[in-house]
Amino acid sequence: MIRRFALALLLLVPLAGVFNAADEPAKLTDKNYEKTRDYLLPKGEEEDWAKVAWRTTLWDGVIDAQKEDKPIMLFAMNGHPFGCT
36 MIRRFALALL
46 LLVPLAGVFN
56 AADEPAKLTD
66 KNYEKTRDYL
76 LPKGEEEDWA
86 KVAWRTTLWD
96 GVIDAQKEDK
106 PIMLFAMNGH
116 PFGCT
């Protein structure tokens, strides 16, 4: 319980500076558009995962791995993605 609270606090504290004192969202203007856009768009190193030739089924991965003599990484999960089971 304490770990979840600490994690939530760590994730929410950086968001505290996003809103001004009146809790109004910042206005998007011509002056701050480019800075905001550049902040929101992913950087080059954040898109490296898209360069991997992912397979959507295990069997497709097995066939390709055998052809190329490469290992397989299988990511599987059970339950709610946020751990709320």
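In the numbering used here, the protein residues as written are 36 to 120.
Just so it is clear, CB atoms sit at the ideal spot from N, CA and C, and this is done for glycine as well.
- Trp94 carries a helical assignment under DSSP once its states are collapsed to helix, strand and coil.
- Non-local beta-carbon contacts of Thr71 in its own chain, meaning distances under 7 Å to residues more than five positions away in sequence, involve Leu63 in chain order.
- Put simply, of Met108, Gly114, Pro60 the residue whose alpha carbon is nearest the alpha carbon of Leu93 is Met108.
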